[in-house]
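Peer 1:
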Amino acid sequence: MMMWLLIYMILSFTNGELIIKRDGMMYQQISSNGSWDIVDSQSQESSENQFIQMVSQTKSNCKCGWSNKRSLTRIVGGDFYKPHKYPFIAGVAMSSGGGWKPFCGGSILTTNHVLTAAHCTNDVIGLRTQLAVLLGTYDMTKPDPSAEAIPVGSVVQHQEFNCKNLLNDIALLVLSKSITFNTNIGPVCMPQPGLDITSQTVKILGWGAQKYQGPMTSTPKEMDTKVVPTAQCSALWPGIVPSVRPTQICTFSDDASPCGGDSGGPVVWLDPSSSQYTLVGIVSFGDHCTELKPSVQTKVVSYIPWIQQQIRTHTPASIC
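Letter by letter, the sequence shown follows residues -16 to -1, 1 to 304 in mature numbering (1 follows the signal peptide of the UniProt record, and there is no 0).
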């Protein structure tokens, strides 16, 4: 089985302190020579009810998931969109040559947190490479005075992430300083527990390549695609996508697919009751950037308690 996974084998060490949580352990870089110390080995469980209460307390005063309406111009397939249309999309980049090299996408959750895929962070954790999130960025090749790059202070990767079948493909980036929200930079809305979007249309955003193993695009694209039933997807991805207690959603379009570089980016659903975009998926994997099989995304609603727990533990902030 072939999956597209964008991996940049760039070795870069940082002299700054970096804390990484992996396999239930937290590690802190204690010197510039690359030595690491265990900081914390325990994390407490949280319940879905606690998250519901948290959401209900903040939802009324929380602005999220807005889009800046702009005309379209024309992932493999999809359309390029105008600058700052989706304020919640983030680029995930690694240090390279004194700058930042984007390689995955992410979604802004709070002033201190960006959500991405664990397969995006897994290799750079091993390389101990410094990460940053690119906010308010549109064209990766041109400076933008409204854009900002914020270094990642810690990476919280799901303790049960499986790099072979990409189950639990989710990671939280804790930023080294808080984001200042404005018209062009802001959070996506979180799904309500129990949300089922099967057979509905969702939108995938990213700077991904336009063909398998091709370069990332300099400006982002959006594509509309439909969520297919889990049983149908599981039959096409046997042994990869479980049909029982699924933690993934699958999307399919006849003429478009996410591709390398879209990984970790947002899969959003426009809530008709609020006209706000809700994060329902994290781009995970597909089949050579083709439409031969459904693309597979991490199902965000399945990880609500985990996300809430990590936000509360690592630089708490309000979540929408």
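All C-beta atoms, glycine included, are put in the ideal place defined by N, C-alpha and C. Values in this document were obtained by computation on a predicted structure and should not be read as measured data.
Please return the same chain residues whose Cβ sits closer than 6 Å to the Cβ of Q34, not counting the five positions on each side in sequence.
Peer 2: Only weak support is given to the placement of Q34: the predicted model assigns it a pLDDT of 49, under 50, and the value that follows is read from those uncertain coordinates. Take Q34, set aside five residues on each side of it, and no residue of its chain has a beta-carbon closer than 6 Å to its own.
Peer 1: Does the stretch 112 to 120 come into contact with the stretch 266 to 276, if we say contact requires no fewer than three beta-carbon pairs (one atom in each stretch) closer than 8 Å?
Peer 2: no
Peer 1: At a cut-off of 7 Å, would you count V280 as near the ligand PLP, judging by its Cβ distance to the nearest heavy atom?
Peer 2: Among the ligands in the structure shown, none appear at all, so the ligand PLP cannot be discussed.
Peer 1: So, helix, strand or coil for P289, using DSSP?
Peer 2: helix
Peer 1: With a 10 Å radius around its C-beta and 16 neighbouring C-beta atoms as the bar for buried, classify S241 as buried or exposed.
Peer 2: Answer is buried; the Cβ neighbour count reaches 16.
Peer 1: If you draw a straight line from the alpha carbon of V172 to that of G82, how long is it in whole angstroms?
Peer 2: 30 Å
Peer 1: Opposite Q232 in the DSSP bridges: which residues?
Peer 2: T282
Peer 1: So within the stretch 180 to 258, which uninterrupted beta strand (DSSP E) runs reach at least 3 residues, ignoring any that extend past its ends?
Peer 2: 185 to 190, 205 to 212, 232 to 236 and 250 to 255
Peer 1: Ignore the nearest five residues each way along the sequence and tell me which others in L220's own chain have a CB closer than 6 Å to its CB.
Peer 2: K277
Peer 1: How many Å lie between T100 and G249 at the Cα?
Peer 2: 6 Å
Peer 1: Rounded to whole angstroms, what is the Cα-Cα separation between I92 and G223?
Peer 2: 32 Å
Peer 1: Taking 6 Å as the limit between beta carbons, can you name the residues of its chain near P71, skipping five residues before and five after?
Peer 2: The answer, listed in chain order, is N168, I169 and G170.
Peer 1: Is T297 helix, strand or coil when you go by DSSP?
Peer 2: helix
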